[in-house]
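Colleague:
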Amino acid sequence: MDPPSAKSPVATYATVWDSRPHYKNVLFQVCGFILLMEVSERLSYYGINQGLKNFMKTVLGWSGVSSNSIKSTWTSICYLSPLLGAYLADERWGRFKTIGVFGTLYLIGDILLTIASHPHVLNWVEISPGHFDRDGANTKPAEGLFIFGLFVCIGIGTGAIKSNVITLGADQFNPDDEREVAQKVTFFSYFYWCVNLGSAFSYGYLATLCVEGSGSITKDYGYFATFLICACVMGIALLFFFFGSSRYIKIPPNSNAMSKLIRVLVQSAPFSRSSISACCGFITLLLSFLLNLIAVFLEDGTAVRKGMTYCAGAMALLGCVLWVLAGFFNENMNAAKRSNGGPVDDQSLDEAKMVVRVLPFAAFMVMWECVYDQTDANFQSISQQTDLRFGNDWDATQLSGAVLGVFDPIAIIFCIPFLDSVAYPLYK
Numbered sequence: 001m002d003p004p005s006a007k008s009p010v011a012t013y014a015t016v017w018d019s020r021p022h023y024k025n026v027l028f029q030v031c032g033f034i035l036l037m038e039v040s041e042r043l044s045y046y047g048i049n050q051g052l053k054n055f056m057k058t059v060l061g062w063s064g065v066s067s068n069s070i071k072s073t074w075t076s077i078c079y080l081s082p083l084l085g086a087y088l089a090d091e092r093w094g095r096f097k098t099i100g101v102f103g104t105l106y107l108i109g110d111i112l113l114t115i116a117s118h119p120h121v122l123n124w125v126e127i128s129p130g131h132f133d134r135d136g137a138n139t140k141p142a143e144g145l146f147i148f149g150l151f152v153c154i155g156i157g158t159g160a161i162k163s164n165v166i167t168l169g170a171d172q173f174n175p176d177d178e179r180e181v182a183q184k185v186t187f188f189s190y191f192y193w194c195v196n197l198g199s200a201f202s203y204g205y206l207a208t209l210c211v212e213g214s215g216s217i218t219k220d221y222g223y224f225a226t227f228l229i230c231a232c233v234m235g236i237a238l239l240f241f242f243f244g245s246s247r248y249i250k251i252p253p254n255s256n257a258m259s260k261l262i263r264v265l266v267q268s269a270p271f272s273r274s275s276i277s278a279c280c281g282f283i284t285l286l287l288s289f290l291l292n293l294i295a296v297f298l299e300d301g302t303a304v305r306k307g308m309t310y311c312a313g314a315m316a317l318l319g320c321v322l323w324v325l326a327g328f329f330n331e332n333m334n335a336a337k338r339s340n341g342g343p344v345d346d347q348s349l350d351e352a353k354m355v356v357r358v359l360p361f362a363a364f365m366v367m368w369e370c371v372y373d374q375t376d377a378n379f380q381s382i383s384q385q386t387d388l389r390f391g392n393d394w395d396a397t398q399l400s401g402a403v404l405g406v407f408d409p410i411a412i413i414f415c416i417p418f419l420d421s422v423a424y425p426l427y428k
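Quick note: the sequence shown uses the UniProt record's numbering, first residue 1, plus one each step.
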């Protein structure tokens, strides 16, 4: 058997494992910095996420429909931009540089949101220390900062690092060391636990802070304080990340999986209906997103906005159907194999088929995420129309509707250690 070439992934791994310093516990001594970054970054993300709808509605004065739509559209950007991050990390920059660049962009977005939420930037009139009159305020300057920071900086930044932080952590474990392989399994559980720890703090405390204020922080400074905390915590996240830089294994970009997949699907399309369905499904879903992105910034209630929204929904549904069909009938892709007279080498086409085969599940996830996102959109609106007071008095303390989102991460925080330490060992 020939030795691996110098540029092959195997050779790259062999080199970095041999040259790195030895750590007794990679999980904590190396990945500890990555886990601290993740809990901080998720606290920042969910701190912004839980308050967006109310900020747009009560502070900027936008309608409930527009607030929900813009919030959900922003979420879709956050979950599309990981594709950009994955491409840059795998084929151009590597994971460390990608996280560093887009993490900084993310921090800039947090800062812009903090500035945009300050009462003076919102042009509120101060009537007493910490208390402002909002009536008739011109919030246009703040709206520009808010939209740019939210969509361009945070939306792209958080997504681009999302697909790389966990994989950078996984890179730290030597695949030839059984002890580190076992630690790697535990790392994934700890990583998800950190995600939900940050989420729980955001929904448990920041959801109340932004609406009601806290202590010496008045209600009018609630969103400013919340976004300021998110910006500071994101800054801390980046400090953790860069502080551990010297300990990280930084595998250079050595994959072309994404561009190769696209190339194979395009080349095989003339020979396979499944490839056509996969390509058309992706294009249809992308067009659906672009139509919706335009529609949410149009005036409420107009025929154009309604028409574009309905078209976006229909195209999203069509895209999902095309992906399901592509996955169910993927065997007809074999006609594009070079061994059958097609233009694609057999191994590359078999690899593409493995991806196409899971497209029905991807279509299901599109629908699932549409429903799950309602937790911070329409479900939040519904909860705000219910009686969430502690007690029967009209002025009794009342929960913010966003606080109800805390039960999801709390359940996960308790379930992960139980499953990892008790349930799974008993099952084995």
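Don't be surprised by glycine CBs; every beta carbon is placed ideally from N, CA and C. Just so we're clear, the structure is a prediction, and the values are computed from it rather than from any experiment.
Who pairs with F132 in a beta bridge, going by DSSP?
Modeller: Here residue 132 refers to the residue found at position 132 of the sequence shown. Bridge partners of F132: E126.
Colleague: What would DSSP say about S72, mapped onto helix, strand or coil?
Modeller: Sequence index remark: in the sequence shown, residue 72 carries index 72 (1-based). DSSP places S72 in helix when its eight states are reduced to three.
Colleague: Measure the C-alpha to C-alpha separation of I276 and V30 and round it to an integer number of angstroms.
Modeller: On the sequence shown, residue 276 is found 276 positions in, with the first residue counted as 1. On the sequence shown, residue 30 is found 30 positions in, with the first residue counted as 1. Cα-Cα distance, rounded: 44 Å.
Colleague: Since Y79 and G159 should fall inside the 8 Å C-beta cutoff, what is the C-beta to C-beta distance between them, to a whole number of angstroms?
Modeller: The sequence position of residue 79 within the sequence shown is 79, counting from 1. The sequence position of residue 159 within the sequence shown is 159, counting from 1. Cβ atoms of Y79 and G159 come within 8 Å of each other, at about 6 Å.
Colleague: Within this structure, are the beta carbons of V181 and F173 separated by less than 8 Å?
Modeller: If you number the sequence shown from 1, residue 181 lands on position 181. If you number the sequence shown from 1, residue 173 lands on position 173. In contact: V181 and F173 (Cβ atoms closer than 8 Å).
Colleague: Quick check on the burial criterion: 16 or more other C-beta atoms within 10 angstroms. Buried or exposed for V406?
Modeller: Sequence index remark: in the sequence shown, residue 406 carries index 406 (1-based). V406 comes out buried.
Colleague: At the level of alpha carbons, what is the spacing between L36 and R263?
Modeller: What you label residue 36 is simply residue 36 of the sequence shown in a count that begins at 1. What you label residue 263 is simply residue 263 of the sequence shown in a count that begins at 1. Roughly 38 Å between the two C-alpha positions.
Colleague: On the criterion of 16 or more Cβ atoms from any shown chain inside 10 Å, does T226 qualify as buried, or is it exposed?
Modeller: Here residue 226 corresponds to residue number 226 of the sequence shown, with the count starting at 1. Counting Cβ neighbours within 10 Å, T226 comes out buried, since at least 16 surround it.
Colleague: With DSSP as the reference, label R179 as helix, strand or coil.
Modeller: To locate residue 179, count along the sequence shown from 1; it is residue 179. R179 falls in the helix class under three-state DSSP.
Colleague: Which residue's Cα is closest to the Cα of T208: R389, G401 and S383?
Modeller: Here residue 208 is taken as the residue at index 208 of the sequence shown, counted from 1. It is G401 whose Cα lies nearest to the Cα of T208.
Colleague: Inspect the beta-carbon positions of N68 and N378 and report whether they are closer than 8 Å.
Modeller: Locating residue 68 in the sequence shown gives position 68, counting from the first residue. Locating residue 378 in the sequence shown gives position 378, counting from the first residue. Cβ distance < 8 Å, so N68 and N378 count as in contact.
Colleague: Nearest to G103 by alpha carbon, out of K162, D135 and G94?
Modeller: Indexing the sequence shown from 1 puts residue 103 at position 103. The option with the nearest alpha carbon to G103 is K162.
Colleague: Beta-carbon within less than 8 Å of N256's beta-carbon, same chain only, minus the 5 sequence neighbours each way: which residues are those?
Modeller: Your numbering for residue 256 matches position 256 in the sequence shown. D90 and E91.
Colleague: Between the region 354-374 and the region 299-312, do at least 3 Cβ pairs fall closer than 8 Å?
Modeller: Judged by pairs of C-beta atoms under 8 Å, the region 354-374 does not touch the region 299-312, as fewer than three such pairs exist.
Colleague: If you run the structure through DSSP and keep just helix, strand and coil, what is Y337?
Modeller: Stepping through the sequence shown from its first residue, residue 337 is reached at position 337. With the sequence shown as reference, residue 337 is identified as Lys, and Tyr is not the correct amino acid for it. Three-state DSSP puts K337 in a strand.
Colleague: Would you give the residue range spanned by the alpha helix (DSSP H) that N54 belongs to?
Modeller: For the purposes of this step, residue 54 is identified with residue 54 of the sequence shown, where counting begins at 1. Element bounds for N54: C31 to N54.
Colleague: So, under 8 Å CB-CB, Y106 and G157 are touching, yes? Tell me the CB distance rounded to an integer number of Å.
Modeller: If you number the sequence shown from 1, residue 106 lands on position 106. If you number the sequence shown from 1, residue 157 lands on position 157. Confirmed, about 3 Å.
Colleague: Could you spell out where the alpha helix (DSSP H) holding I229 opens and where it closes?
Modeller: Against the sequence shown, residue 229 aligns to sequence position 229. I229: member of the alpha helix (DSSP H) spanning G222 to F243, first to last residue.
Colleague: Tell me the start and end of each unbroken alpha helix (DSSP H) in the region 232-306 that is at least 4 residues and wholly inside, in chain order.
Modeller: 257-268 and 273-295
Colleague: By how many angstroms is the C-alpha of P252 removed from the C-alpha of A6?
Modeller: Taking the sequence shown and counting its residues from 1, one reaches residue 6 at position 6. Taking the sequence shown and counting its residues from 1, one reaches residue 252 at position 252. Legend: pLDDT at A6 = 44, less than 50; position of this residue unreliable, no value from coordinates given.
Colleague: Would you tell me roughly how many angstroms separate the C-alpha atoms of F282 and G213, rounded to the nearest one?
Modeller: Stepping through the sequence shown from its first residue, residue 282 is reached at position 282. Stepping through the sequence shown from its first residue, residue 213 is reached at position 213. Their Cα atoms are separated by approximately 44 Å.
Colleague: Which of helix, strand or coil does DSSP assign to V324?
Modeller: For the purposes of this step, residue 324 is taken as the residue at position 324 of the sequence shown. Looking at V324 - three-state DSSP - the assignment turns out to be helix.
Colleague: On a CA-only basis, which of V65, C279 and Y223 is nearest Q374? Give me that one, please.
Modeller: As a position in the sequence shown, residue 374 is number 374, starting the count at 1. Closest by alpha carbon: V65.
Colleague: Determine the burial state of P409: buried for a count of at least 16 other Cβ atoms within 10 Å of its Cβ, exposed for fewer.
Modeller: Numbered from its first residue, the sequence shown carries residue 409 at position 409. Buried is the call here.
Colleague: Taking DSSP's pairing of strands, which residues face S214 in a bridge?
Modeller: Residue numbering aside, residue 214 sits at position 214 when the sequence shown is read from its first letter. Bridge partners of S214: I217.
Colleague: In the DSSP assignment, what residue or residues form a beta bridge with V344?
Modeller: By 1-based counting over the sequence shown, the position of residue 344 is 344. Note: V344 sits in a beta bridge opposite K337.
Colleague: Rounded to whole angstroms, what is the Cα-Cα separation between S245 and V101?
Modeller: If you number the sequence shown from 1, residue 245 lands on position 245. If you number the sequence shown from 1, residue 101 lands on position 101. Their backbone Cα atoms lie some 14 Å apart in a straight line.
Colleague: Considering only the alpha carbon of each residue, which of A200, L239, C230 and N332 lies closest to S274?
Modeller: Position 274 of the sequence shown holds residue 274. Selection A200, L239, C230 and N332 evaluated against S274 yields N332 as nearest (Cα-Cα).
Colleague: Determine the direct distance from the alpha carbon of M365 to that of A326, and round the result to whole angstroms.
Modeller: Against the sequence shown, residue 326 aligns to sequence position 326. Against the sequence shown, residue 365 aligns to sequence position 365. Each residue's Cα considered, the two are about 16 Å apart.
Colleague: By Cβ distance, which residues of its chain are closer than 6 Å to N196, with the 5 residues on each side in sequence left out?
Modeller: What you label residue 196 is simply residue 196 of the sequence shown in a count that begins at 1. Answer for N196: P409, I412 and I413, listed in chain order.
Colleague: Assuming the contact rule is C-beta atoms closer than 8 Å, S268 and G198 should be a hit. Round their C-beta distance to whole Å, please.
Modeller: Locating residue 268 in the sequence shown gives position 268, where the first residue counts as 1. Locating residue 198 in the sequence shown gives position 198, where the first residue counts as 1. Not quite, the Cβ-Cβ distance comes to about 42 Å (not below 8 Å), so this is no contact.
Colleague: Tell me whether W323 is buried or exposed, calling it buried when 16 or more other Cβ atoms sit within 10 Å of its Cβ.
Modeller: Against the sequence shown, residue 323 aligns to sequence position 323. W323 should be labelled buried.
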